[in-house]
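Chemist: Just so we're aligned: 3 in UniProt numbering is position 3 of the sequence shown, and the numbers increase by one with no gaps anywhere. Beta carbons: idealized from backbone N, C-alpha and C, even for Gly.
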Amino acid sequence: MHELGITESIVNIAVDKAKEAQASKITKINLVVGELSGFVPDCIEFYFDFLSKDSIAEGATLHFELTPAQFRCRSCSTVFRPQDTICTCPKCQSQS
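1. Which residue's Cα is closest to the Cα of G59: E3, V15, R72?
2. Please report how far the alpha carbon of C73 lies from the alpha carbon of T67, in whole angstroms.
3. Note down the Cα distance separating C76 from C43, rounded to an integer number of angstroms.
4. Is it true that the CB of V32 sits closer than 7 Å to the CB of T65?
5. Could you give the distance in angstroms between the alpha-carbon of C92 and the alpha-carbon of A57?
6. Quick one: Cα of residue 122 to Cα of V40, how far?
7. So for T85, helix, strand or coil by DSSP?
8. Taking only the alpha-carbon atoms, compute the straight-line gap between D49 and Q95 and give it to the nearest angstrom.
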């Protein structure tokens, strides 16, 4: 249910930035979301429609770009992508 609070922040930030730019309408919002964030795009879209009503963001489309997770090993600083739920460093085998 954290999507409600996140979506409220998205609407507030978008409206504030649009007003700063003296825009009269927001038509599209691009969102970059980490794959491990746990966000459910359908829920965000649902709440967005409700929360943006009667604002300059009403009717705007949301575009989600999913970014892959990357970990940095605390032992050797290697940057790697986790394999499933295994977070072992492929270089030094550390699990730190």
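Modeler: Inspection of the coordinates gives the following:
1. In the sequence shown, counting from the first residue as 1, residue 59 sits at position 59. Minimum Cα distance to G59 is reached at V15.
2. Here residue 73 is taken as the residue at index 73 of the sequence shown, counted from 1. Here residue 67 is taken as the residue at index 67 of the sequence shown, counted from 1. C73 and T67: Cα-Cα distance of roughly 19 Å.
3. If you number the sequence shown from 1, residue 76 lands on position 76. If you number the sequence shown from 1, residue 43 lands on position 43. Roughly 39 Å separates the two Cα atoms.
4. By 1-based counting over the sequence shown, the position of residue 65 is 65. By 1-based counting over the sequence shown, the position of residue 32 is 32. Contrary to the premise, residue 65 reads as Glu rather than Thr in this sequence. Contact: yes.
5. The count along the sequence shown starts at 1 and reaches residue 92 at position 92. The count along the sequence shown starts at 1 and reaches residue 57 at position 57. Near 48 Å, if we compare the C-alpha coordinates of A57 and C92.
6. Since the displayed the chain opens at 1 and closes at 96, residue 122 lies outside it and no answer follows.
7. Position 85 of the sequence shown, counting from 1, holds the residue named residue 85. It is coil, neither helix nor strand.
8. Indexing the sequence shown from 1 puts residue 49 at position 49. Indexing the sequence shown from 1 puts residue 95 at position 95. Cα atoms of D49 and Q95: separation of roughly 42 Å, rounded to the nearest angstrom.
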